[in-house]
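Notes follow once the structure below has been shown.
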Amino acid sequence: MMPDLGKYADTVLSSYIVSIVLLVALVALSIRAARKARAELQKVEGRRNG
Amino acid sequence: MGSIWEYANPVKFIRTSEIILPWVSILATVTLVLGLVWGFFFTPDDYRQGSTVKIIYLHVPAAMMAINVWAMMLITSLVWLVRRHHVSALAAKAAAPVGIVMTVIALITGAIWGQPMWGTWWAWDPRLTSFLILFLFYLGYIALWEAIDNPDTAADLTSVLCIVGSVFAMLSRYAVNFWNQGLHQGASLSLDKEENVADVFSTPLYICIAGFILLFIALVFLRTRTEIHKRRTKALLARERLG
Numbered sequence: 007m008m009p010d011l012g013k014y015a016d017t018v019l020s021s022y023i024v025s026i027v028l029l030v031a032l033v034a035l036s037i038r039a040a041r042k043a044r045a046e047l048q049k050v051e052g053r054r055n056g
Numbered sequence: 003m004g005s006i007w008e009y010a011n012p013v014k015f016i017r018t019s020e021i022i023l024p025w026v027s028i029l030a031t032v033t034l035v036l037g038l039v040w041g042f043f044f045t046p047d048d049y050r051q052g053s054t055v056k057i058i059y060l061h062v063p064a065a066m067m068a069i070n071v072w073a074m075m076l077i078t079s080l081v082w083l084v085r086r087h088h089v090s091a092l093a094a095k096a097a098a099p100v101g102i103v104m105t106v107i108a109l110i111t112g113a114i115w116g117q118p119m120w121g122t123w124w125a126w127d128p129r130l131t132s133f134l135i136l137f138l139f140y141l142g143y144i145a146l147w148e149a150i151d152n153p154d155t156a157a158d159l160t161s162v163l164c165i166v167g168s169v170f171a172m173l174s175r176y177a178v179n180f181w182n183q184g185l186h187q188g189a190s191l192s193l194d195k196e197e198n199v200a201d202v203f204s205t206p207l208y209i210c211i212a213g214f215i216l217l218f219i220a221l222v223f224l225r226t227r228t229e230i231h232k233r234r235t236k237a238l239l240a241r242e243r244l245g
């Protein structure tokens with residue numbers, strides 16, 4: 007299934023690995039920050055209403 | 003249909019983005035996976051570049067986004083300066099980390115590709131240099147937001163920085179045309195059939211570009227919501243402290 011990348015295999019694979027790791031990290035950190043911000047707001051609003 | 007300014011209302015923005023966000027996220031994932039799998043597994047090698055041509059599916063969309071994210075930040079910053087809508091300032095703030103990651107991907111994949119093709123990781127070529135300066139502007143922009151406590155002052159100063167940085171965002175795009183020198187070739191995608199990449203490469207490339215744009219939209223929606231929530235929490239805590 008893996009295409010034959012010839013003598014440039016390291017070049018191509020390292021580009022894909024670095025880029026995918028950066029994109030996944032960006033998405034993961036964004037989701038984590040979103041959850042944290044939402045939870046903190048709910049906590050403060052809960053304290054205010056309750 | 004309502005005015006676009008309705009979405010400057012944080013509550014309206016949160017409600018609308020709640021509906022749109024899951025769909026854009028799914029579409030972004032499907033499009034990106036399709037484009038990258040097609041590009042990596044099912045395209046032939048180029049007769050000159052060999053298999054390194056597959057890097058185009060990451061490098062070109064990331065470079066395009068690096069410039070266009072700054073353009074989006076410029077528009078939202080101008081909206082903030084003129085109309086003082088907080089959501090637009092927060093959207094610019096939310097977009098910056100996405101833009102810097104795109105710039106880093108473009109710089110790294112460019113360097114990795116450049117080593118075997120140009121014989122060097124880096125050259126002080128007009129496009130490469132203006133891209134490095136764009137990266138530094140992204141860093142400065144993010145640092146400035148973090149450095150200032152008052153959110154309105156931070157939004158004002160970062161908006162001015164964004165306007166100044168737009169010169170370099172434009173240079174990153176047109177440097178090749180302005181200075182007819184340097185290692186970097188012209189645009190990979192062109193309306194001129196002679197200059198455009200071959201169809202066998204361009205179709206998955208267009209899909210990857212669409213995927214990167216959709217990913218950006220999804221992330222900006224998500225991150226702007228986060229900024230709105232953080233701002234609301236800060237305001238409520240300040241009210242609590244006042245009693």
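The listed protein sequences correspond, in order, to chains U and S. If you read the first sequence in this note's numbering, its first letter stands for residue 7, the second for the next number, and so on. If you read the second sequence in this note's numbering, its first letter stands for residue 3, the second for the next number, and so on. Built from N, CA and C at the ideal position, the CB exists for glycine as well. Computed from a prediction, not measured in an experiment: that's the story for all the values here.
Identify the residues that DSSP records as bridge partners of residue i: which are they?
{"i": "residue 48 of chain S", "result": "S:52"}
What's the gap between the Cα of residue i and the Cα of residue j?
{"i": "residue 211 of chain S", "j": "residue 63 of chain S", "result": "5 Å"}
{"i": "residue 2 of chain U", "j": "residue 19 of chain S", "result": "A query on residue 2 of chain U cannot be resolved here, the shown segment of chain U reaching from 7 to 56 and no further."}
{"i": "residue 102 of chain S", "j": "residue 86 of chain S", "result": "25 Å"}
{"i": "residue 46 of chain U", "j": "residue 226 of chain S", "result": "16 Å"}
{"i": "residue 14 of chain S", "j": "residue 37 of chain U", "result": "21 Å"}
{"i": "residue 134 of chain S", "j": "residue 243 of chain S", "result": "44 Å"}
{"i": "residue 13 of chain U", "j": "residue 25 of chain U", "result": "20 Å"}
{"i": "residue 57 of chain S", "j": "residue 176 of chain S", "result": "21 Å"}
{"i": "residue 15 of chain U", "j": "residue 206 of chain S", "result": "20 Å"}
{"i": "residue 29 of chain S", "j": "residue 222 of chain S", "result": "15 Å"}
{"i": "residue 56 of chain U", "j": "residue 41 of chain U", "result": "22 Å"}
{"i": "residue 146 of chain S", "j": "residue 125 of chain S", "result": "29 Å"}
{"i": "residue 144 of chain S", "j": "residue 21 of chain S", "result": "28 Å"}
{"i": "residue 208 of chain S", "j": "residue 231 of chain S", "result": "35 Å"}
{"i": "residue 229 of chain S", "j": "residue 166 of chain S", "result": "24 Å"}
{"i": "residue 203 of chain S", "j": "residue 39 of chain S", "result": "13 Å"}
{"i": "residue 89 of chain S", "j": "residue 11 of chain S", "result": "7 Å"}
{"i": "residue 5 of chain S", "j": "residue 109 of chain S", "result": "39 Å"}
{"i": "residue 96 of chain S", "j": "residue 162 of chain S", "result": "17 Å"}
{"i": "residue 172 of chain S", "j": "residue 30 of chain U", "result": "28 Å"}
{"i": "residue 39 of chain U", "j": "residue 59 of chain S", "result": "29 Å"}
{"i": "residue 128 of chain S", "j": "residue 70 of chain S", "result": "19 Å"}
{"i": "residue 100 of chain S", "j": "residue 32 of chain U", "result": "7 Å"}
{"i": "residue 93 of chain S", "j": "residue 17 of chain U", "result": "35 Å"}
{"i": "residue 35 of chain U", "j": "residue 132 of chain S", "result": "28 Å"}
{"i": "residue 155 of chain S", "j": "residue 233 of chain S", "result": "14 Å"}
{"i": "residue 199 of chain S", "j": "residue 61 of chain S", "result": "14 Å"}
{"i": "residue 245 of chain S", "j": "residue 23 of chain S", "result": "37 Å"}
**Prompt:** Which parts of the region 18-97 of chain S are runs of the alpha helix (DSSP H), unbroken and 4 residues or longer, counting only runs that do not cross its ends?
**Reply:** 58-85
**Request:** Compile a chain-ordered list of the residues in the region 93-112 of chain S whose CB is closer than 8 Å to at least one CB of chain U.
**Result:** 99, 100, 103, 106, 107, 110, 111
**Message:** With three or more beta-carbon pairs closer than 8 Å as the criterion, would you say the region 120-136 of chain S touches the region 74-81 of chain S?
**Reply:** no
**Asked** Looking at C-beta atoms only, is the number of pairs between the region 231-241 of chain S and the region 46-53 of chain S that lie closer than 8 Å three or more?
**Response** no
**Asked** Are the region 214-234 of chain S and the region 22-37 of chain S in contact at 8 Å, needing three or more beta carbon pairs?
**Response** yes
**Message:** Using 8 Å as the cut-off, can you tell me whether the region 39-50 of chain S makes contact with the region 122-141 of chain S, which would need three or more C-beta pairs spanning the two stretches below that distance?
**Reply:** no
**Request:** For the region 50-62 of chain S, enumerate the residues whose C-beta is nearer than 7 Å to any C-beta of chain U, in chain order.
**Result:** 52, 53, 54, 56, 57, 60
**Request:** With 7 Å as the limit, tell me which residues of the region 224-243 of chain S have their beta carbon closer than that to any beta carbon of chain U; keep them in chain order.
**Result:** 224, 225, 227, 228, 231, 232, 234, 235, 238, 239
**Cβ-based contacts, 8 Å cut-off: residues of the region 195-221 of chain S near chain U** = 217, 221
**Prompt:** Residues in the region 11-23 of chain U with C-beta within 8 Å of chain A's C-beta atoms, listed in sequence order?
**Reply:** You won't find chain A in this structure, because its protein chains are U and S.
**Prompt:** What are the uninterrupted segments assigned as alpha helix (DSSP H) that are 4 or more residues long and contained completely in the region 122-148 of chain S, given in chain order?
**Reply:** none
**Request:** Could you run through the region 16-34 of chain S and flag, in chain order, every residue whose CB is less than 7 Å away from some CB of chain U?
**Result:** none
**Residues in the region 113-137 of chain S having any Cβ partner in chain U nearer than 8 Å** = 114, 115, 117, 118
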